[in-house]
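Numbered per UniProt numbering, the sequence shown spans residues 1 to 326. Structure first, then comments.
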Amino acid sequence: MPVSPDQPLSPHSARDGKKASKKATPSPADCADAQQGGVGDAPGADHDLNGDEPAESPVNTGAAGHDANGPAEWIVADFGRALMLLSRIPWSARLDFQSGLIARSVWCWPLVGVFLAGIAVLPAQALLWLTGNAGLAAVFALLAMVGLTGALHEDGLADCGDGFGGGATRERKLEIMRDSRIGSYGVVALILAFAARFFVLEQAIEQGVFMMVMIVAAMFSRLAMPAMMAILPPARPDGLGRGAGRPGLVPLMVALLFAVIITMLVAGPVLMLGALLAMGLACGVVGLVAYWQIGGQSGDVLGCSQIVAEIFVAISLLSLLAKGLA
Numbered sequence: 001m002p003v004s005p006d007q008p009l010s011p012h013s014a015r016d017g018k019k020a021s022k023k024a025t026p027s028p029a030d031c032a033d034a035q036q037g038g039v040g041d042a043p044g045a046d047h048d049l050n051g052d053e054p055a056e057s058p059v060n061t062g063a064a065g066h067d068a069n070g071p072a073e074w075i076v077a078d079f080g081r082a083l084m085l086l087s088r089i090p091w092s093a094r095l096d097f098q099s100g101l102i103a104r105s106v107w108c109w110p111l112v113g114v115f116l117a118g119i120a121v122l123p124a125q126a127l128l129w130l131t132g133n134a135g136l137a138a139v140f141a142l143l144a145m146v147g148l149t150g151a152l153h154e155d156g157l158a159d160c161g162d163g164f165g166g167g168a169t170r171e172r173k174l175e176i177m178r179d180s181r182i183g184s185y186g187v188v189a190l191i192l193a194f195a196a197r198f199f200v201l202e203q204a205i206e207q208g209v210f211m212m213v214m215i216v217a218a219m220f221s222r223l224a225m226p227a228m229m230a231i232l233p234p235a236r237p238d239g240l241g242r243g244a245g246r247p248g249l250v251p252l253m254v255a256l257l258f259a260v261i262i263t264m265l266v267a268g269p270v271l272m273l274g275a276l277l278a279m280g281l282a283c284g285v286v287g288l289v290a291y292w293q294i295g296g297q298s299g300d301v302l303g304c305s306q307i308v309a310e311i312f313v314a315i316s317l318l319s320l321l322a323k324g325l326a
């Protein structure tokens, strides 16, 4: 069922639709294409941000949605909406996910990144204290973040890898990105991404800047997603990239302000500028490739941009520290 701009979205219905839509037996031609670039049932496959599938069912409109009576209520509702969208953490079944409300909530996406990073560092720090092994602590930090998000963004990265690498036409690329199977390009993309993140976190732990790198990278990588939503048009007329809406200038500026201020407090102005430039570079690279391949952004592209921005930002922070510039 196509998603109209006014149709409510739920945090999980689109991903569930993606799973259900792929239970049919594929044709021999599809199987051949899938071997070169089919997409997979990644661990977070029932999340919606990377699903780009038509929403199947609305959720109830409660006091936390359109009916919020004051600024405090809609601020809390926006944070809960963002947290449910970007993680596995429950908030309220009464939250409204109608089109426009997701786009409005992007102002607090960097704050959700801080919240998730703060939780993810706890098991890593505990393991570091117990064993003194930086590599093991980095692995557990990654495991914690994947568990919190349900591999939401990793799923988007794998889908983009398979679709961009395995499809000959725009339509075929989008079809592959909706497939629930994983192909060789998706596997390679995930391996490279996890390897890069592991080595970056291990180095950050050894340099004593683990918490700072986790927080700043989590913030700016989640700022990259609404930036992509604002810059690129939706690639599909019926996907979440269109149904979620495009964020306005005010929510984007508030999100940027939060990321800048918090980074200034925990890292200083030089590292803040480095992180901002790295995020912009990541958005530029992913955005250009996505526009060239499928003509715009999708939920999978947003997830891919988060992973790429996280890696770019973390590398920029460690590079500036290594050069003695911060």
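A virtual CB, placed ideally from N, CA and C, is assigned to each residue, including glycine. As the structure is a computational prediction, the values presented were derived from the model and not from experiment.
In the three-state scheme derived from DSSP, where H, G and I count as helix and E and B as strand, residue 71 is classed as helix. Contact annotation, residue 82 with residue 105: C-beta distance approximately 5 angstroms; criterion of less than 8 angstroms satisfied. By the Cβ-count criterion, residue 234 is buried, with 16 or more other Cβ atoms from all chains shown falling within 10 Å of its own Cβ. A check of alpha carbon separations from residue 232 across 212, 281, 114, 288 identifies 288 as the nearest.
Annotation: the continuous alpha helix (DSSP H) that includes residue 192 extends over 184-207.
In the structure shown, residue 234 falls within a strand segment according to DSSP collapsed to helix, strand and coil. Where residue 107 is concerned, there is no enclosing alpha helix (DSSP H), because DSSP gives it neither an H nor an E.
Membership of residue 323 in any alpha helix (DSSP H) is not indicated, and neither H nor E is assigned to it by DSSP. Shown here for residue 260: same chain residues with a beta carbon closer than 8 angstroms to its own, the five before and five after excluded, namely 272, 276 in chain order. When rounded, the separation of the alpha-carbon atoms in residue 188 and residue 70 is 48 angstroms. The Cβ atoms of residue 157 and residue 304 lie closer than 7 angstroms to each other. Nearest to residue 264 by C-alpha distance, out of 311, 326, 226, is 326. Using a Cβ-Cβ distance cut-off of 8 angstroms, the stretch 161-173 and the stretch 309-316 are not in contact, since fewer than three pairs of beta carbons, one from each stretch, lie closer than that value. Taking the C-beta atoms as reference points, residue 137 is found nearer than 7 angstroms to residue 127. Closest in C-alpha terms to residue 320, from the list 290, 301, 268, comes 268.
DSSP lists 234 as the beta-bridge partner residues of residue 297. At least 7 angstroms separates the beta-carbon of residue 230 from that of residue 110. The stretch 284-299 makes no contact with the stretch 245-252, as fewer than three CB pairs between them are under 8 angstroms. The alpha-carbon separation between residue 74 and residue 95 amounts to approximately 10 angstroms. Residues 308 of the same chain have their beta carbon placed closer than 8 angstroms to that of residue 285, with the five preceding and five following residues left out of the count.
In the displayed model, residue 118 falls within a helix according to three-state DSSP. According to the DSSP assignment, residue 244 belongs to no alpha helix (DSSP H), since it is labelled neither H nor E. A residue is called buried once 16 or more other Cβ atoms fall within 10 Å of its Cβ, and residue 131, having fewer, is exposed.
Distance check between residue 171 and each of 204, 107, 237, 202 places 237 closest, using alpha-carbon atoms only.
Judged by DSSP in its simplified three-state form, residue 81 adopts helix.
By the neighbour-count criterion, in which 16 or more other beta carbons inside 10 Å mark a residue as buried, residue 270 falls on the exposed side. In this structure, the alpha-carbon of residue 212 lies about 38 angstroms from that of residue 166.
Excluding sequence positions up to five before and after residue 101, its CB lies less than 6 angstroms from no other CB in the same chain. For residue 176, the enclosing alpha helix (DSSP H) covers residues 170-178. Assigned with DSSP and collapsed to three states, residue 226 falls in helix.
With respect to the C-alpha of residue 281, the residue from 205, 299, 224 having the closest C-alpha is 224. Residue environment: residue 169 is assigned as exposed (fewer than 16 neighbouring CB atoms within 10 Å of its CB, all protein chains considered). Closest in alpha carbon position to residue 215, among 147, 184, 322, 141, is 141.
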